[in-house]
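Right, one structure below, let's go through it.
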Amino acid sequence: MASSSSGSTVPASEAVQVLVSLLADESTIVRDASRASLEDISALNPLLVLDCCAAVSRGGRRRFGNMAGLFKVMAFAVRALDKGDADVAFMSKLAKIATAEMISSKELNADWQRAASELLVAIGSHFPDLMMEEIFIHVSGSSSALPAMVQILADFASADALQFTSRLKAVLSRVLPILGSVRDVHRSIFANAFKCWCQAISQYNTEFLSHEVLDADVMSFLNSAFELLLRLWATSRDLKVRLSTVEALGQMVSLITRPQLKAALPRLVPTILEL
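Numbered continuously in our numbering, the sequence shown closes out at residue 843.
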């Protein structure tokens with residue numbers, strides 16, 4: 569730890585607080601150096617770093633100039649936590665900090681949003697139910713943060729197929745009812761999410777052959793989603809939507825029922841060839 573000229577040592581918490589404040593420095597070099605130092609400290613004492621980061625995060629983007637850097641450090645520290653050190657109440661607090669920022673903005677895919685998603689996914693690695701319940705609060709057709717929440721669920725599926733897939737029914741039961749009202753500009757996000765979710769299912773089925781997750785309810789959800797994507801989204805005027813939809817359909821074909829796939833082929837093949 570750094571020492572003053574009188575030989576006294578700076579308390580660890582104060583040193584970390586200084587480094588956290590430097591995350592918002594005007595200099596990119598200083599920001600990067602501060603983040604690297606905080607990640608080094610997180611590997612040894614993640615709770616100390618998280619406490620200091622949480623303290624400055626309360627004001628959000630209006631009061632702290634680099635929420636992306638702050639959330640990335642917090643995500644790193646959460647991943648560095650031993651399972652026994654991850655306190656559910658504290659993780660809930662961090663999850664609410666991240667989601668509060670996300671629902672306060674209509675931006676999509678900003679640096680700070682991707683970093684907030686990274687933090688939530690890291691929390692999910694310790695407490696998947698806690699993280700997903702926090703997300704589910706904002707998964708509704710009236711929420712402006714809905715696309716961002718769906719993207720987080722996609723990121724979580726890619727990061728942890730086991731934890732996500734075992735909770736797949738809860739996700740689909742909330743997303744399917746609002747799928748038909750998704751605006752065209754957001755459809756590529758939802759289609760990418762279905763691609764990630766289906767990839768997670770396939771990985772789960774490969775690694776855990778004895779655990780069946782595709783029960784009648786899940787199959788019904790997937791069949792309904794497949795039909796909607798093929799019938800409406802795959803014919804969108806937006807090329808990005810068409811491409812992401814076809815990618816999602818490509819992952820879904822191995823999961824839907826054989827009769828449905830056979831019936832869909834006359835529409836699916838031309839859709840792919842027209843891209």
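The C-beta atom is built at its ideal place from N, Cα and C for all residues, glycine as well.
Just so we're clear, the structure is a prediction, and the values are computed from it rather than from any experiment.
Query: Considering only C-alpha positions, which residue in the set Val821, Ala738 and Ala666 is nearest to Arg626?; Result: Ala666
Query: Name the residue from Phe632, Glu607 and Val617 whose alpha carbon lies nearest to the alpha carbon of Glu594.; Result: Phe632
Query: Taking buried to mean at least 16 other C-beta atoms within 10 Å of its own C-beta, is Pro715 buried or exposed?; Result: buried
Query: Would you tell me roughly how many angstroms separate the C-alpha atoms of Ala846 and Ala601, rounded to the nearest one?; Result: Nothing about residue 846 can be reported from this structure: the residues present for the chain run from 569 to 843 only.
Query: Considering Arg826, what are the terminal residues of the alpha helix (DSSP H) in which it resides?; Result: Arg826 to Leu841
Query: Grouping DSSP H, G and I as helix and E and B as strand, with all else coil, what is Gly575?; Result: In this prediction, Gly575 has a pLDDT of 44, which is less than 50 and means its spatial position is unreliable; what the coordinates show is noted afterwards. Residue state, collapsed to three classes: coil.
Query: What three-state label does DSSP hand Leu587 in the structure shown?; Result: helix
Query: In this structure, does DSSP put Leu800 in helix, strand or coil?; Result: coil
Query: Which complete alpha helix (DSSP H) runs does the segment 747–779 hold, if anything under 4 residues is left out?; Result: 755–775
Query: Would you kindly work out how many angstroms separate the C-alpha atoms of Met717 and Val786, rounded to a whole number?; Result: 20 Å
Query: I need the straight-line Cα distance from Gly637 to Ala604, nearest angstrom please.; Result: 10 Å
Query: Taking Val641 and Glu669 to be in contact with their CB atoms under 8 Å, please state how far apart those CB atoms are, rounded to whole angstroms.; Result: Contact flag wrong, Cβ pair sits at about 15 Å.
Query: Buried or exposed for Val656, please, with buried defined as at least 16 other CB atoms from any protein chain shown within 10 angstroms of its CB.; Result: exposed
Query: Which first and last residues belong to the alpha helix (DSSP H) in which His694 is found?; Result: Asp679 to His694
Query: I need the DSSP call for Ile703, collapsed to helix, strand or coil.; Result: helix
Query: Which residues in the same chain have their Cβ closer than 7 Å to the Cβ of Ser660, if we skip the five residues on either side of it in sequence?; Result: Leu698
Query: So, is Arg826 buried or exposed, given that buried needs 16 or more other C-beta atoms within 10 angstroms?; Result: exposed
Query: CA-CA distance, Glu842 and Asp806?; Result: 13 Å
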